[in-house]
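As structure tokens, the structure follows; a few thoughts come after it.
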Amino acid sequence: MDAGLENVVAAETVLSDVDGAAGRLVLRGHELNELAGRVSFEEVVHLLWSGFFKDLPEAAGMQAALGKARVEVFARLPTFPADLGAVEALRIGLAHIADGDDIEVALRLVAAGPVYTAAAARRMQGRAPVAPDPTLSHAADFLRMLTGIPANAPDAAAALDAYLVTIADHGLNASTFAARVVASTQAGLASATIAGLSALKGPLHGGAPGPVLDMIDAIGTPANAEPWIDAALTSGDRLMGFGHRVYRVRDPRADALKAAIVKLPKTTGRLAFAEAIESAALNKLAARHPTRKLETNVEFYTALLLEALQIPRAAFTCVFACGRLAGWIAHAREQLATGRLVRPQSVYVGPRTRAAA
Ligand code: ACO
């Protein structure tokens, strides 16, 4: 038995290939560095969904289709209870989209990501929601709705676009597997994405970037990096933003995001501080785990990028979900096409009945 299923192959996919030994990520035949910072999120949604929907708009029409869907979902903005965190609020948003398997449902779910994330994050700050502008790109409108950064801030929109592309799909990670299991029951795309979001929320998966910033803040100065990390590891804590189930070398997404951060103004000092922490963390992890390679993962630079874009820490996991919605939906459709219910076995290790003894 493999409790973490690490050696189990549970799907064939045409969507993405994660090569953990070489540190490569390929999306439908394209290396990550051919896509991140070069093509828009809308184009990557089109790339991932091609062949899975009969009425998929042309690539050039995806921006307008998503813009229209953002307006539709904003018109149905739910009330988010005040005590909910951003992920819990986004889960409510996805849950009030009617289930189905067609392109309209898929577009509404991807549109719901930024619209409801922005509304939920602003509500946590006591601010009113900002209505979408369907003429903007998904990334530019997301920033506008979330932070009020105007649509004429092309550097910021380009950085968020590169982020959404970078994290759009990543093999059979925990949230994608959850989405595929639900899709295999024919429950529908809304149900599959809610399962994906719920799995993403945990700190061992997409919940790490907020705590990465908490760690950077707690360390405070470069000189404090080594003693702080030593103390954390000695008390059994995991360093957020390091280690990965598949990668045994540096996560290629970390460098794609670093390249996007470098292009933003006023990030040099913060980046240099973070790099000092990263280097101390890698040294300490290597010393404590000489036989298990623990490298920087996507979440470390996610935290720095989203911070540089002035996105509130509490919304980081939702912003991750906004990109990954594209991948969850593609995987759900791919799983549905196999027609096979996912239903593994367990081994009973509880008490035996008298009859069996
Ligand atoms: N900090 C300290 N020690 C670590 C870390 C870490 N970040 N990651 C792994 N280890 C240690 C474990 O404690 C374990 O030590 P042991 O053998 O002495 O018990 C050893 O390395 C192997 O760890 P596993 O639990 O087998 O690694 P696994 O593949 O299950 O975990 C995971 C991968 C969950 C990402 C892990 O590295 C981790 O917890 N990282 C921190 C959280 C994080 O960054 N999450 C985001 C991941 S990226 C993503 O999902 C988008």
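Numbering that gives the first Met the number 0 puts the first residue of the sequence shown at 0, with every later residue one more than the last. By construction, the Cβ of each residue, glycine as well, lies at the ideal position given by its N, Cα and C atoms. Remember, predicted model here, so these are calculated numbers, not experimental data.
Proximity winner among the options, relative to residue i (alpha-carbon distances)
i	options	result
Ile102	Pro289, Asp132, Glu57	Glu57
Val248	Pro210, Arg269, Leu263, Glu294	Glu294
Asp140	Arg126, Arg122, Thr116	Thr116
Phe299	Glu333, Val211, Asp254, Phe272	Val211
Ser183	Leu340, Ser345, Glu5, Ala9	Leu340
Gly219	Phe51, Asp100, Asp82, Gly268	Gly268
Leu324	Pro251, Gly205, Ala217, Pro128	Gly205
Gly19	Glu42, Asn6, Gly326	Asn6
Ala307	Val13, Thr337, Ala217, Ala273	Ala273
Gly209	Leu238, Asp254, His137, Val25	Leu238
Arg27	Ser15, Arg37, Trp327, Asn296	Ser15
Arg107	Val13, Ala271, Leu188	Leu188
Thr266	Leu93, Ala155, Leu65, Gln124	Ala155
Asp216	Ile310, Ala10, Leu284, Leu303	Leu303
Leu89	Ala59, Gly36, Ile193, Val181	Ile193
Arg75	Met0, Ala271, Ile91	Ile91
Beta-bridge pairing of residue i - partner residues as DSSP gives them
i	result
Glu358	The requested residue 358 is not part of the displayed model; the chain covers only 0 to 356.
Ser49	Ser49 pairs with nothing; no bridge assigned.
Leu171	His169
Thr337	Partner(s): none; Thr337 has no beta bridge.
Val17	Leu24
Phe241	Thr295
Straight-line gap, residue i to residue j (C-alpha atoms, nearest Å)
i	j	result
Ser197	Ala279	32 angstroms
Val357	Phe241	The requested residue 357 is not part of the displayed model; the chain covers only 0 to 356.
Ser234	Met214	15 angstroms
Leu281	Asn223	15 angstroms
Gly170	Leu199	14 angstroms
Leu47	Ala329	6 angstroms
Ala230	Ile166	31 angstroms
Leu149	Ala138	Note that residue 149 is Pro in the sequence shown here, rather than Leu. Answer to the nearest angstrom: the Cα atoms are 12 angstroms apart.
Arg287	Asp250	20 angstroms
Val359	Ala177	Nothing can be reported for residue 359, as the shown portion of the chain is limited to 0 through 356.
Leu55	Gly66	15 angstroms
Ala354	Ala336	43 angstroms
Thr352	Pro128	58 angstroms
Leu142	Asp100	28 angstroms
Arg312	Pro350	46 angstroms
Arg314	Ala85	Sequence check: residue 314 is Ala here, not Arg. Straight-line Cα distance between these residues: approximately 6 angstroms.
Exercise for review: Just list the alpha helix (DSSP H) runs in the segment 77-108, keeping only unbroken ones of 4 residues or longer that don't cross its boundaries, in chain order.
Suggested key: Counting only runs of at least 4 residues, the segment 77-108 fully encloses the following alpha helix (DSSP H) elements, listed from N- to C-terminal order: 85-94.
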